[in-house]
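A.B. asks: I'd like to ask some things about the structure below.
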């Protein structure tokens, strides 16, 4: 009980500080003095794919207009070379119509993103008032977002993802859409509400550290201002 109370007190402060600094826009792909002081690090310099590697077609990803973009349909994944466990990740993304993509995190085995990583779904599902476990912002196939907070295709979205031990939170465009306790997922292929999922490992036993990745599953996605702060 004491641990729960401590977490309840700590995480609102973490999220408020993190979102404030992450939104302090002084130019794309740069850190403000406040962000540097708070421990934020850039994962993308706006000029190159330094620190990233493609798992599929190496020509499938490029930098255009200071953003990472996929060039080849079904080009696979782009992953950080470094791994992260407990962290706060901030980024901006936009998509074209019809896109199916995702942001992967705690991705342990680069040859198996689906079964060894967690995916925040990115999908052109704007306007769906009752989002499902497969719509934009969901933790794919396991937890639907609380609300539709995305912007239409072609507009930039801002995401802050927080991972601390068993707790995962997602804020999109300033709205909390996911609060997830991994320890509630105790069975393979089954969610706490009884619905089925595709995962061979119960989410409570999924890796707690791994790469961060961008998925190309059809259609273009642009990502910039990728920043991380270890927790």
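Residue numbers (our numbering): 3 to 233.
Even for Gly, the Cβ is constructed at its ideal location relative to N, Cα and C.
With distances taken between CB atoms, is the gap from residue 69 to residue 225 smaller than 8 Å?
C.D. replies: yes
A.B. asks: Is residue 38 helix, strand or coil by DSSP?
C.D. replies: helix
A.B. asks: Counting only the same chain and skipping the five closest in sequence on each side, list residues whose C-beta sits under 7 Å from that of residue 198.
C.D. replies: 191, 192
A.B. asks: By alpha-carbon positions, which one of 128, 145, 126, 97 ends up nearest to residue 134?
C.D. replies: Of all alpha-carbon atoms in 128, 145, 126, 97, the one lying nearest the alpha-carbon of residue 134 is that of 145.
A.B. asks: Does the segment 90–110 come into contact with the segment 215–231, if we say contact requires no fewer than three beta-carbon pairs (one atom in each stretch) closer than 8 Å?
C.D. replies: yes
A.B. asks: Have a look at residue 83 and residue 148 and give me their C-alpha separation to the nearest angstrom.
C.D. replies: 32 Å
A.B. asks: Given this structure, state the Cα-to-Cα distance separating residue 205 from residue 119, to the nearest angstrom.
C.D. replies: Those two C-alpha atoms are separated by around 10 Å.
A.B. asks: Taking the Cβ atom as the reference point for each residue, do residue 71 and residue 222 lie within a distance shorter than 8 Å?
C.D. replies: Yes, they are a contact pair.
A.B. asks: What would DSSP say about residue 118, mapped onto helix, strand or coil?
C.D. replies: Per DSSP, reduced to three states, the secondary structure at residue 118 is helical.
A.B. asks: In whole angstroms, what is the alpha-carbon distance linking residue 60 and residue 128?
C.D. replies: 31 Å
A.B. asks: Could you please give the first and the last residue of the uninterrupted beta strand (DSSP E) stretch that includes residue 161?
C.D. replies: Counting along the chain, the beta strand (DSSP E) containing residue 161 begins and ends at 159–166.
A.B. asks: Is DSSP giving residue 137 helix, strand or coil here?
C.D. replies: coil
A.B. asks: Does the Cβ of residue 56 have 16 or more other Cβ atoms within 10 Å, making it buried, or fewer, making it exposed?
C.D. replies: buried
A.B. asks: Once DSSP output is grouped into helix, strand and coil, what is the label at residue 51?
C.D. replies: Here residue 51 sits in coil by DSSP.
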